[in-house]
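Participant: Counted the way mature numbering (1 follows the signal peptide of the UniProt record, and there is no 0) counts, the sequence shown spans residues -23 to -1, 1 to 717.
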Amino acid sequence: MLKKLITTSMLLALGSVTLPLYAHTSSTNGVSSLQRIHKDYSLYFANEEQRVEYAQRYHGQIINTLHNALIVSLSEKEFLSARASGAVILEHGPALPVNRAANALVKTSQSTLTATQTTGIPNFPCYPTLEETHEIAEQLAKKYPNFVELKHIGQSWKKEQGIGGHDLTVLVIKNKKRNKNKKLPTMYMQGALHAREYTAGATTIKFAQHLLENRRTNPDIKWILNQREIHILLIANPDGRKYAELGKRWRKNTNTAYCATNEEQIGADLNRNFDFGWNSTPNSSDEQCANTYQGPVAASEPETQVIQNYINSIFEDNRGELDTDAAPLDTAGLFLDMHSYGGMIMWPWSHLRTPPPNSAGLSMLGHRLAAYSGYEAHQVGSRFHVGGSADGYAYGHLGVASFTYELGKEFFEHCGNFEGEIFPNTLKSLIYAAKVAKAPYKISGGPQILDYKLEGAGDVAVPPGTPINLTAGIYDDFFGYSSYAPLPPSQAVKNVKLIIKKQGEGVVQRLKLPAADGIYDSSREQLNYALDTSNWDDGRYTLILKAQDVTGQWGVKYAKYLTIDDDASAQNQAPVADFTPTCTYGTCHLDASKSTDDKPGLKYRWFIGSETSREEYSGEKIEYVHEMAGTYYVSLVVEDANDISAVKHAVLDLDGRYLPIPNFTYQCSGLTCEFDSSSASDPDGHIVERLWRFGIDAYYLPGNVKETFTFPAAGEYRVAFVARDNDGQYNETYQFITVN
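(1) Measure the alpha-carbon distance for PRO639 versus ALA172 and round it to whole angstroms.
(2) For TYR104, does the three-state DSSP call read helix, strand or coil?
(3) Taking the alpha carbon of TRP531 as the reference point, which residue from HIS362, PRO424, THR573, ARG501 has its own alpha carbon closest?
(4) With DSSP as the reference, identify every bridge partner of THR443, one or two as the case may be.
(5) Restricting to Cα atoms, I'd like to know which of GLU387, GLU68, TYR372 is closest to PHE380.
(6) Beta carbon of ILE201, beta carbon of ALA411: below 7 Å?
(7) My parser needs the beta strand (DSSP E) runs of 3 or more residues fully inside the segment 520 to 590; what are they?
(8) Spatial neighbours of SER(-15) within its chain, please: CB distance less than 7 Å, with the 5 preceding and 5 following residues excluded, ordered by chain position.
(9) Grouping DSSP H, G and I as helix and E and B as strand, with all else coil, what is ASP702?
(10) Since THR106 and GLY97 should fall inside the 8 Å C-beta cutoff, what is the C-beta to C-beta distance between them, to a whole number of angstroms?
(11) DSSP three-state label for ASN717, please.
(12) Where does GLY131 sit, in a helix, a strand or coil, going by DSSP?
(13) At a cut-off of 6 Å, would you count LEU539 as near the ligand MN, judging by its Cβ distance to the nearest heavy atom?
(14) Only counting the same chain, and skipping five residues up and downstream in sequence, which positions put a Cβ closer than 6 Å to that of GLN712?
(15) Suppose the cutoff is 7 Å on Cβ atoms and the five residues either side in sequence are ignored; what does the same chain contact list for ARG28 look like?
(16) Considering only their Cβ atoms, is the gap separating GLN548 from ASN472 smaller than 7 Å?
(17) Considering only their Cβ atoms, is the gap separating ASP620 from LEU579 smaller than 7 Å?
(18) Per DSSP, what are the beta-bridge partners of SER656 in this structure?
(19) Using the rule of at least 16 other Cβ atoms within 10 Å of the residue's Cβ for burial, across every protein chain shown, is LEU678 buried or exposed?
(20) Is the beta carbon of GLN167 less than 7 Å from the beta carbon of LEU127?
(21) Label ALA61 either buried or exposed according to how many other C-beta atoms from any shown protein chain fall within 10 Å of its C-beta, with 16 as the threshold for buried.
(22) Could you tell me which of SER656, SER459, SER595, GLU115 sits nearest to GLY320, measuring between CA atoms?
(23) Compare the C-alpha of ILE113 against each of LYS183, PHE56, ILE48 and name the closest.
(24) In angstroms, rounded to a whole number, what distance separates the CA positions of LYS523 and VAL283?
(25) If you reduce the DSSP assignment to three classes, tell me which class GLU709 lands in.
(26) Using CA coordinates, which residue listed in LEU447, ALA59, LYS478, SER350 is at the minimum distance from LYS405?
(27) Once DSSP output is grouped into helix, strand and coil, what is the label at LEU404?
(28) Let's see if you can read the secondary structure: which residues bound the beta strand (DSSP E) around residue 731?
(29) Would THR528 be called buried (16 or more neighbouring beta carbons within 10 Å of its own) or exposed?
(30) Can you name the start and end residues of the alpha helix (DSSP H) that ALA46 belongs to?
(31) Return the first residue and the last residue of the beta strand (DSSP E) that TRP669 is part of.
(32) Closer than 7 Å, CB to CB, is ARG155 near chain D or not?
(33) Check each candidate in SER327, LEU613, ILE451 and name the one with the smallest Cα separation from TYR370.
(34) Taking just the CA atoms, how far does LEU431 sit from ALA449?
(35) On the three-pair Cβ rule with 8 Å, is the segment 239 to 257 touching the segment 268 to 275?
(36) Taking only the alpha-carbon atoms, compute the straight-line gap between GLU593 and VAL484 and give it to the nearest angstrom.
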């Protein structure tokens, strides 16, 4: 079940180059063929919990995702280990589909844009190329000189070698005039340390654009630019990113000193190369051709060195030398490492399974950040157990609260998913992160404020006395989910205050707002307060909302602008929500342009999914990729410029893939049984492979339509049969049989 609850090569010809000291080590030639030769396998999962388990166990080996399988690159040793654990795992044949993104890459040139696409990574126009990303950053620096500074903080491996390559570029955002010589709490974020993760690289520059383009109209963003420094390393692995833009699922950097005999597997995994906990776990490989190759020594790679030096220059060291030394609760700063995929937000330790000394604060903030996307939140080491990670370095060396985002469901995420769902929800998380950056271990313990609205006014100027309802949800238990650990503690909301400031005058009123039900006695409360503006003078007001729980901890503030104008119209017509679905096999285009209102400025939110779970999208027109046939529920919520909402619901029966039907019969004589799967079928294709498992301790092994098996002794056995169809879909059934 989905956890988004209803309330989510071309390699360049290198010629002769100078290699660093760490060239060829015994870690390439010394490993057995069982470890060195990798093949692609389909690793099937039966449910969402098993998908999460496999995604975390094989995170470094994943090359793609199907509806019910991970495509993983494994050595024979790893394959045998997976099979021995009881996994349904098959070699991924070339005839089987990978996904729509991969199919598109097959149909078009991998190095040129399509006829209708002029910008972006080929087949993915929503993701700017490396050069386009830097061009956008330069344009922002020119357009907003009082808010932006561009820094080239170091060179990639190729550029260091003099064979092309790129600078690592940081975009710094703050109000430079207001804070010319002032040190502010800092939030650092970086994207695409693993090159193939398209969403991570695009999120960095889109976040920068959003902050700068909305600084005048959004009081929360204005406050962030006045009170924070945002440092954004746009693309942390630029050489690798250029390979990934060719359609390669490239993870590492491009250091040709490693795995030199196989140009498709050169490089080091930068997120295993940092100088903290390096070479301390078996999941950081010393095999040069492995996707998770950690490098010959800690911080061997120039990209790693550049990042370490930079974060050391912007953050103070607030932690001792021992793993048990905690950073003070008032430690300022945040380190965010954007990755994909998996739907998770994680924190250190990664090299240890034991909790870090700041576990309570990291867990609280991690669960808060995860909640906006309905993601899982957990300590890295509880699942991955890897050394040399970027977030481990930032926290381990400096005590900075550090988190890794794993965005979305694929490395080459569909643009509709990124633009409609992933980025809008991640943006809310990043805004919250920037707000708590002054003391993240502490402030994140306070209540969250959600869906703050001024119904009847919104963004529109209104005359004094206009009926305005201030509504919001106050949640002290707004958390992402956790599969294997308890959620952080939550308390009842105690107090909500409204501070009203008038432009040019400062604070003009302070109010203590009542709960909608009359009493604050729960971790979740609602506000519905009638705001009396009958005696307000003309002008722009800022309405700042903050909430406190029973422990006395205040949460972050949220604000809205309210413009009072005696000449403004008090008339407002409620919007009407409407949309048109245009659905084909596996994809649905949803168009809300039929929605109406008496003025421009409608905002659109979509909730799409099954009866038990849904995902949230934003935008007037969205594209929903559903893959499997079935019944889907769609809700469109439109909100006008006055913060008045309307909703439309629809039930859609969508076409897509069907699972095979894995039936079998049997008859036994003594310990020998004959099994017959000829009644198995596939609604939209044909069965191409069958697997049998005779007993819970046995492997899933390829077999025929009919199989004969002799059990070792009398007793009851669980016999499982798996059918895989020509679409790569699988389904399993089992029966308990007794032999004598």
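We treat Cβ as the ideally placed atom computed from N, Cα and C, and that holds for glycine. Every value quoted in this text rests on a predicted model; they were computed, and no experiment measured them.
Facilitator: Concretely, from the data shown:
(1) 39 Å
(2) coil
(3) PRO424
(4) Paired residues: none, contrary to the question.
(5) TYR372
(6) yes
(7) 535 to 541, 557 to 561, 564 to 568, 580 to 586
(8) In this predicted model, SER(-15) has a pLDDT of only 30, less than 50, meaning its place in the structure is not dependable enough to derive any value.
(9) strand
(10) 7 Å
(11) coil
(12) strand
(13) Among the components of this structure there are no ligands whatsoever, and the ligand MN is therefore not found.
(14) VAL696
(15) PHE22
(16) no
(17) no
(18) SER656 pairs with nothing; no bridge assigned.
(19) exposed
(20) no
(21) exposed
(22) SER459
(23) LYS183
(24) 39 Å
(25) strand
(26) SER350
(27) helix
(28) Outside the modelled stretch of the chain, which goes from -23 to 717, sits residue 731, for which no answer is possible.
(29) exposed
(30) ALA46 -> not in any alpha helix (DSSP H); beta strand (DSSP E) instead, spanning 46 to 52.
(31) 664 to 671
(32) Annotation note: the requested chain D is absent from the structure, which comprises a single protein chain.
(33) SER327
(34) 9 Å
(35) yes
(36) 36 Å
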